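Numbering (our numbering), first residue to last: 3 to 239.
Each residue gets a CB set at the ideal place from its N, CA and C atoms; glycine is no exception.
Only a predicted model underlies this, so the values are computations on that prediction, with no experimental measurement involved.
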Amino acid sequence: MAQARDKVKRNVVPLCEVPTGQAGRPSKALTLDQVAAVLDASENTPMYAYIVLSLLIGARTEELRALTWEHVDLEGKPDTDPIVLPSISVWRSVRQDGDTKTRKSRRTLAMPTRCVDALKAHRVHQDARRELAGKRWQEHGLVFASQVGTELDSHNVRRAFRRVVKAAGLNPKDWTPREMRHSFVSVLSASGVRIEDIARLVGHSGTAVTEAVYRHQIVPVMVEAATAMDRIFPKAS
């Protein structure tokens, strides 16, 4: 603009050397057997409910860290026609403004039975931690909180997740919590759920990002995903 307005004689921008930066590590997805191994390894850990929701409904890790109990429906409406399944409402994240990544990211997700059972057990354990913490507890209504009720730190989540991954027989350095979401997409895709429905479940405005970034295996509706996950990962005996 300055050159067009005769404010400068030449554009100095072409003289600059633009740094190339470092290529990011491409995300990957767990296989079906690896997902089952991680679920089994997490079952008796504080991370169990967090991992179950990440793998079986595809919520972002920053969404789960901000999830509150008021946005969790563990009962649904089993007596209505059609039946309303238990669900979580993803309305917040731990981003700076507290909002989800995009408007499309705001969504209500039906939960498979395994998620419901995990959250019920998690709430019992959280009540026990609250009582143990006593006056140190800071109530924020968070589903996934620290030992004193405060928001989980991303580094703590990563460390806890990698301990579970190691117990599942995988290399913990190869995996991060965000790849549970990638694994969710891949498992559903491989199980025949339509890409359009998967895109809605993960909060994408269209299928382009889902296919280009998240769909690692190529092979309906939110309720269909919950039903599919119940079939893939039946309730633990």
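The alpha helix (DSSP H) with residue i in it runs from where to where?
| i | result |
| --- | --- |
| residue 180 | 180-192 |
| residue 159 | 156-169 |
| residue 132 | 115-135 |
| residue 198 | 197-203 |
| residue 40 | 34-44 |
State the DSSP-derived secondary structure class of residue i, mapped to helix, strand or coil.
| i | result |
| --- | --- |
| residue 72 | helix |
| residue 9 | coil |
| residue 172 | coil |
| residue 54 | helix |
| residue 86 | strand |
| residue 230 | helix |
| residue 61 | coil |
| residue 4 | coil |
| residue 31 | coil |
| residue 220 | Note that residue 220 has pLDDT 40, beneath the 50 cutoff, so the model's placement of it is unreliable and the number below is only indicative. It is coil, neither helix nor strand. |
So the candidates are the options; which of them puts its Cα closest to the Cα of residue i?
| i | options | result |
| --- | --- | --- |
| residue 86 | 201, 199, 77 | 77 |
| residue 13 | 19, 20, 4 | 4 |
| residue 93 | 189, 61, 123 | 61 |
| residue 134 | 151, 121, 142, 123 | 151 |
| residue 44 | 19, 120, 90 | 120 |
| residue 31 | 155, 114, 176 | 176 |
On the DSSP letters alone, give me the boundaries of the beta strand (DSSP E) that residue i sits inside.
| i | result |
| --- | --- |
| residue 91 | 89-92 |
| residue 112 | 109-112 |
Going by the beta-carbon positions, is the gap between residue i and residue j smaller than 8 Å?
| i | j | result |
| --- | --- | --- |
| residue 40 | residue 118 | no |
| residue 57 | residue 191 | no |
| residue 75 | residue 88 | yes |
| residue 163 | residue 67 | no |
| residue 182 | residue 53 | yes |
| residue 29 | residue 161 | no |
| residue 228 | residue 38 | no |
| residue 172 | residue 70 | no |
| residue 116 | residue 237 | yes |
| residue 159 | residue 187 | no |
| residue 195 | residue 234 | no |
Here's the rule I'm using: 16 or more other beta-carbon atoms within 10 Å means buried, otherwise exposed. How should residue i be labelled?
| i | result |
| --- | --- |
| residue 157 | exposed |
| residue 140 | exposed |
| residue 217 | Reliability of the predicted coordinates at residue 217 is poor, the pLDDT of 49 falling under 50, and no value is obtained from them. |
| residue 149 | exposed |
| residue 17 | exposed |
| residue 51 | buried |
| residue 206 | buried |
| residue 127 | exposed |
| residue 210 | exposed |
| residue 63 | buried |
| residue 2 | With the chain covering 3 to 239 only, the question about residue 2 has no answer from this structure. |
| residue 123 | exposed |
| residue 65 | buried |
| residue 82 | exposed |
| residue 202 | buried |
| residue 170 | buried |
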